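To start, the structure itself, in structure tokens.
Residue numbers (this note's numbering): 105 to 530.
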């Protein structure tokens with residue numbers, strides 16, 4: 105055997121890093137040899153510098169450190185969008201005007217229906233409290249209370265429909281969207297309110313001496329108050345419980361930080377719509393439905409970037425800044441409003457993490473009751489998802505005065521993609 109083949113291969117001072125990215129250095133010999141020149145007899149790389157290796161970007165290389173490429177992509181994105189912003193400003197000038205948005209939200213020919221709708225929502229909240237207190241005192245049977253709650257929720261759902269779709273009511277699209285969104289949130293809260301209190305009564309009546317509490321109301325009347333109800337209605341949650349976790353005190357600096365974020369992000373939203381999205385629609389004299397296929401694709405591609413910025417800004421404004429602001433103001437302790445949806449590897453995980461309050465309500469009041477009634481878990485998940493899709497369609501379609509089921513069908517299509525993709529990933 106040759107001298108090279110007899111010696112074991114030990115990494116030398118000039119040896120290359122392994123595919124994982126970690127450099128390999130030779131172990132020190134002693135203090136006298138560390139600064140000396142490498143001995144060709146002791147360094148196998150001097151005789152043979154090649155071996156079987158894969159390129160770093162090939163799938164077999166096991167190389168995973170792409171941080172530099174990610175930084176490079178971020179720099180390119182920043183420079184590219186900076187060019188788009190500059191080009192937009194040169195062509196159209198400064199178009200941002202927050203007063204137009206405020207006028208659009210409250211605009212009406214002779215009245216302000218959106219404000220009247222918001223004030224009228226208190227009637228349904230107080231009605232739910234009266235029904236619960238009557239049931240707690242034994243003045244209403246469970247069946248009668250359930251029917252009254254259902255009627256209250258149905259009227260709450262139909263009132264925005266009647267106001268928005270009434271021909272002589274000139275409510276603006278922004279005002280309609282705000283009113284319908286608040287009514288939808290209020291309806292979900294009141295549903296949780298009545299069902300959770302029903303669980304409390306069932307638990308009390310099934311315990312020792314069951315049935316006595318419903319006669320004098322001594323056990324549960326302490327939380328069936330107007331203050332407790334309105335705290336729940338203002339709290340950033342959709343699920344009711346008797347005692348919410350509270351923080352020790354209100355942090356003033358935290359409030360100012362969230363308030364500053366809300367002001368800046370609101371102005372940014374208005375800027376994206378007025379400065380970036382609106383000129384794209386105004387640039388063409390032909391409506392989108394009358395365009396040919398190439399022009400439609402061009403318009404959609406132009407809307408991709410501003411739409412993503414709009415969605416991300418809206419998410420941070422609503423799910424982080426505004427909800428944390430209200431939570432801090434009310435000393436509401438549970439601040440888990442969203443999960444790491446940006447790391448979701450499938451649609452099911454994404455829908456579970458992008459809005460934790462909505463997922464918690466759907467799981468608590470739709471999925472779990474169905475499973476307890478021995479509905480298969482897959483069917484219960486499907487029903488919960490369809491309920492969420494129906495709520496989204498109601499919130500979007502009603503202010504636009506159209507019912508084409510685009511949002512509902514889009515969410516159903518996402519569900520089908522998730523069902524097909526899950527077995528393929530396995």
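Ideal Cβ positions, reconstructed from N, Cα and C, are used throughout, including at glycine. Note that the coordinates shown come from a computational prediction; the quantities given were computed from them, not determined experimentally.
CA-to-CA distance, residue j to residue i, given in whole angstroms
i	j	result
residue 381	residue 202	15 Å
residue 223	residue 217	10 Å
residue 347	residue 483	32 Å
residue 456	residue 181	29 Å
residue 424	residue 249	37 Å
residue 237	residue 305	11 Å
residue 150	residue 172	31 Å
residue 410	residue 433	32 Å
residue 386	residue 406	13 Å
residue 513	residue 261	21 Å
residue 384	residue 402	10 Å
residue 445	residue 452	10 Å
residue 461	residue 340	8 Å
residue 524	residue 489	16 Å
residue 435	residue 332	14 Å
residue 532	residue 515	Lying before the first or after the last residue shown, residue 532 is absent from the chain, which here runs from 105 to 530.
residue 288	residue 459	15 Å
residue 443	residue 254	32 Å
Beta-bridge pairing of residue i - partner residues as DSSP gives them
i	result
residue 350	436
Environment of residue i [buried if 16+ CB atoms lie within 10 Å]
i	result
residue 469	buried
residue 280	buried
residue 343	buried
residue 269	exposed
residue 127	Confidence in residue 127 is poor, its pLDDT being 48 and thus under 50, which makes the residue's placement too unreliable to answer from.
residue 326	exposed
residue 465	buried
residue 354	exposed
residue 558	Residue 558 lies beyond the residue range present for the chain, which begins at 105 and ends at 530; the question has no answer from this structure.
residue 350	exposed
residue 503	buried
residue 163	exposed
Simplified DSSP assignment, three categories, for residue i
i	result
residue 366	helix
residue 152	coil
residue 345	coil
residue 441	coil
residue 287	helix
residue 455	helix
residue 242	coil
residue 503	coil
residue 292	helix
residue 297	helix
residue 395	coil
residue 327	coil
residue 157	coil
residue 199	coil
Item to complete: Mind the definition here: the stretch 261 to 268 touches the stretch 428 to 442 only if three or more C-beta pairs lie below 8 Å; say whether that holds.
Response: no
Discussion item. Between the stretch 489 to 498 and the stretch 510 to 524, can you find at least three pairs of beta-carbon atoms closer than 8 Å?
Written reply: yes
Worksheet item: Between the stretch 288 to 295 and the stretch 228 to 246, are three or more C-beta pairs nearer than 8 Å?
Response: yes
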